[in-house]
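Notes to accompany the following structure.
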Amino acid sequence: MDTQQFEVIRPKCAGLDVHKKSVVAAVCTSDPVTLTASYKTKVFNTTNSDISALRDWLLAQDCRDVCMESTGKYWIPIFNILEPHMHVILTHPKYVKAIKGKKTDKRDAKWIANLFRFDIVKASFIPPADIRALRELSRYRLKLSYMRTAEKNRYQNSMTSRIRIDCVLTDPFGLSATRIMDYLLSGEPFDEEKCRSLIDRRVKASKDEVMDTIHGYHILEEQKFKMTHAKAHMDFINKSIDEIEAELFLRSRQYDVQVKRIATVTGITELSALFILSEIGADMSVFESDRHLCSWVGLTPANNESANKKKSTRCSKAGQYLKPLLIQCALAAVKSKKEPYFAIKYQRLSKRRGKKKAIIAIARMMLTSIYHMLSDNEDFHPDDYEATINPPKQKPVVLTLDNTLQFLREQGADPETLKLIQQQCVAQFLDLPSNFKELDLRKSLIRNMKDFILEVGRDFTFIDEEFRVQVGGEDYKIDLLFFHRGLQCLVAFELKVGKFKPEYISKMDFYLEALDRQKNKENENPSVGMILCASKDDEVVEYAMSRTLSPMMVAEYQLQLPDKNILQKKLQELINIPLLEDDISKQDEN
26 MDTQQFEVIR PKCAGLDVHK KSVVAAVCTS DPVTLTASYK TKVFNTTNSD
76 ISALRDWLLA QDCRDVCMES TGKYWIPIFN ILEPHMHVIL THPKYVKAIK
126 GKKTDKRDAK WIANLFRFDI VKASFIPPAD IRALRELSRY RLKLSYMRTA
176 EKNRYQNSMT SRIRIDCVLT DPFGLSATRI MDYLLSGEPF DEEKCRSLID
226 RRVKASKDEV MDTIHGYHIL EEQKFKMTHA KAHMDFINKS IDEIEAELFL
276 RSRQYDVQVK RIATVTGITE LSALFILSEI GADMSVFESD RHLCSWVGLT
326 PANNESANKK KSTRCSKAGQ YLKPLLIQCA LAAVKSKKEP YFAIKYQRLS
376 KRRGKKKAII AIARMMLTSI YHMLSDNEDF HPDDYEATIN PPKQKPVVLT
426 LDNTLQFLRE QGADPETLKL IQQQCVAQFL DLPSNFKELD LRKSLIRNMK
476 DFILEVGRDF TFIDEEFRVQ VGGEDYKIDL LFFHRGLQCL VAFELKVGKF
526 KPEYISKMDF YLEALDRQKN KENENPSVGM ILCASKDDEV VEYAMSRTLS
576 PMMVAEYQLQ LPDKNILQKK LQELINIPLL EDDISKQDEN
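26 is the number of the first residue of the sequence shown in our numbering; add one for each residue after it.
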């Protein structure tokens, strides 16, 4: 290896290649000037006396940094003996693997020492001794719980032959079920009244239903023997688990603050918090970041890409003890109604990614929270907690053509582009072809305006589209004609594709006069006119309407039609003008 490409971090260090019966040690010493490495190798047995001799030899060589690669768990006794006297790390074989065909035990030890002096070996996480003790006990408790489950299955399988109390009792190992089975296995003559007295009053099923599952029971001798020993084994395991938990809490007193802090996370009990602490420790500085911790536990997707092709991204098999525990805590957290933070997150994720990936994501969120809680000495309170539990009500944003064009104008769009977008939006809104003509636009506007007016209120009654009036032997057409039952008058609408012109007022006067003379009845009010144009000049409109006495209004139309309430109010204002004048004239006549 070219030493000029790397910086020597450890001038003197050792590499150990650990096997079942032997340990090959190589001490690497770097020349302070040329940085050339020189090696001393020696082979030791794995007995306690030889491991102690290995320690003394390393200390005699003034070597305080040791890196070892091991087969299986043979590194543990060596690590325990060397740890109090020097800095020892354990590395995974994949990081120090030598080339095939050139492997010997001594070469492997030298290669490990050479990599270690440049500090390019990735160390495995070995927690402190007190955390390792907690880990040992918690994992032993887990194994005992697996054994207890296996014994329960054997016991329940023996019950299915002629006793089916598991069909009516929720827990076949609950208080009532245990009492009944102990009585049946005792060998006493069966007494139904005594058996009924063993059923707890809190059982939902009736006593008759429970007794129906027992009548005619017959337990074979071999089944009785098996069930008796399985029950005794379960009792022993339960007692052992209780003792282990007591020992765990006794040994973890110095970590009470951290355990209680982790237990503030929804879905995690103090016992689960103690198990989590025994796996990751209390010092989070050993992990580069929260992402590194999640990857170490196996809660992140893998990176597997080759030739620009992404292959499987399944989570790794790491964290065989901690990952199932976190998933169980996540399943409890998403069912919590008292603290629905993770439940809301889970519901959002499961809709997009599925339930399995969502629960893995929740477990990762919990572990990330634990990392920052232990690093910053804070209780569980994520930044988005309030926003998730009580999300603010968002005001709906109405996207109209006007504000869209305004945004594009602010972004520097040229006028030609804006004009083209406006034409296309008009075509899409009114369901027109891309190459529409002015007649198509006019007809579509009339059709949409008719539907809008009918939605304004139930008092509007549609009469006709392009309503014909005849004056002087010629036919004239009004675009839309309605009757308003509340105002008791006809309402005429004229839609103009272009800009407002003064002659539109005289034409509307002409239509209103024709409607009043030919169509109005005696009890109806004068007709009202509405002129809708694509655009208008207010001054031109004022001049054009200054001499007219007919109730009418001129307005611009857009893709988003005016508010229904405003339009109805304007109609009321217009119709009230002649009504007031009629009332005054009637009062003068009286």
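Cβ coordinates follow ideal geometry from the N, Cα and C atoms, glycine included.
Please report the residue range of the beta strand (DSSP E) in which L557 lies.
V553 to S560
At the level of alpha carbons, what is the spacing between S318 and S394?
According to the sequence displayed, residue 318 carries Leu and not Ser. If I take the Cα positions, the gap works out to 11 Å.
The beta strand (DSSP E) spanning I488 covers which residue range?
F485 to V496
DSSP has G40 in a bridge; who is on the other side?
A51 and C92
Please return the same chain residues whose Cβ sits closer than 6 Å to the Cβ of W136, not counting the five positions on each side in sequence.
A123
With respect to the beta strand (DSSP E) encompassing S63, which residues constitute its N-terminal and C-terminal limits?
A62 to N70
In the DSSP assignment, what residue or residues form a beta bridge with T116?
A148
What residue does the beta strand (DSSP E) around D500 start on, and which one ends it?
E499 to H509
Please determine if the stretch 326-333 and the stretch 394-411 are in contact, where contact requires at least 3 C-beta pairs separated by less than 8 Å.
no
Cut-off 7 Å between Cβ atoms - residues of its own chain near V290, not counting five sequence neighbours on either side
M391, S394, I395 and F405
Minimum C-alpha distance to R389 - residue among G323, I34 and C88:
G323
Contact between the stretch 546-557 and the stretch 507-520: three or more CB pairs below 8 Å?
yes
Taking the Cβ atom as the reference point for each residue, do A50 and L84 lie within a distance shorter than 8 Å?
no
Compare the beta carbon distance of I156 and S303 with 8 Å and say whether it is the shorter of the two.
yes
State the start and end residues of the unbroken alpha helix (DSSP H) segment that holds Y180.
A154 to M184
How is E330 classed by DSSP in three states: helix, strand or coil?
strand
Counting Cβ pairs closer than 8 Å, one from the stretch 340-360 and one from the stretch 186-198, do we hit at least three?
no
Enumerate in chain order the residues of its own chain whose CB-to-CB distance from I34 is below 8 Å, with the five nearest sequence positions on each side excluded.
R142, F143 and D144
Out of H110, N263, R316 and N402, state which residue places its alpha-carbon closest to the alpha-carbon of D308.
N402
Minimum C-alpha distance to H112 - residue among A175, P440, V68 and A39
A39
With DSSP collapsed to three states, give me the class of K336.
coil
With distances taken between CB atoms, is the gap from T116 to C92 smaller than 8 Å?
yes
State yes or no: is the C-beta of Q283 within less than 8 Å of the C-beta of L162?
no
Touch check for the stretch 219-232 and the stretch 195-210: three-plus C-beta pairs under 8 Å?
yes
Give me the DSSP bridge partner(s) of L515.
F508
Would you report the Cα separation of L194 and K232, rounded to the nearest angstrom?
11 Å
Apply the 10 Å Cβ neighbour rule to R493 and answer buried if 16 or more other Cβ atoms are within range, or exposed otherwise.
exposed
Between W82, T61 and G97, which has its C-alpha nearest K45's C-alpha?
G97
Assess contact between the stretch 365-375 and the stretch 258-268, defined as three or more Cβ pairs (one per stretch) separated by less than 8 Å. Is contact present?
no
Straight-line gap, E435 to A383 (C-alpha atoms, nearest Å):
41 Å
Taking just the CA atoms, how far does E564 sit from E490?
31 Å
Should P177 and M259 be called a contact, given that it needs their Cβ atoms to be closer than 8 Å?
According to the sequence provided, residue 177 is Lys. The question's Pro does not apply to it. Yes.
For A288 and Y280, what's the separation of their Cα atoms in angstroms?
12 Å
Count the other CB atoms within 10 Å of the CB of D588; is the residue buried (16 or more) or exposed (fewer)?
Reliability fails at D588, whose pLDDT of 49 lies under 50, so the model's placement of it is uncertain and the value that follows must be treated cautiously. Classification for D588: exposed.
Among residues of its own chain, excluding the 5 on either side of P603, which ones have a beta-carbon nearer than 7 Å to its beta-carbon?
Summary for P603: the model assigns pLDDT 42, below 50, so the residue's position carries little reliability; its value from the coordinates is reported in the next sentence. Closer than 7 Å at the Cβ level, and outside the excluded window around P603, lie N550, P551 and P576.
Cα-Cα separation, V19 to W321
Residue 19 is absent from the structure shown; the chain starts at 26 and stops at 615.
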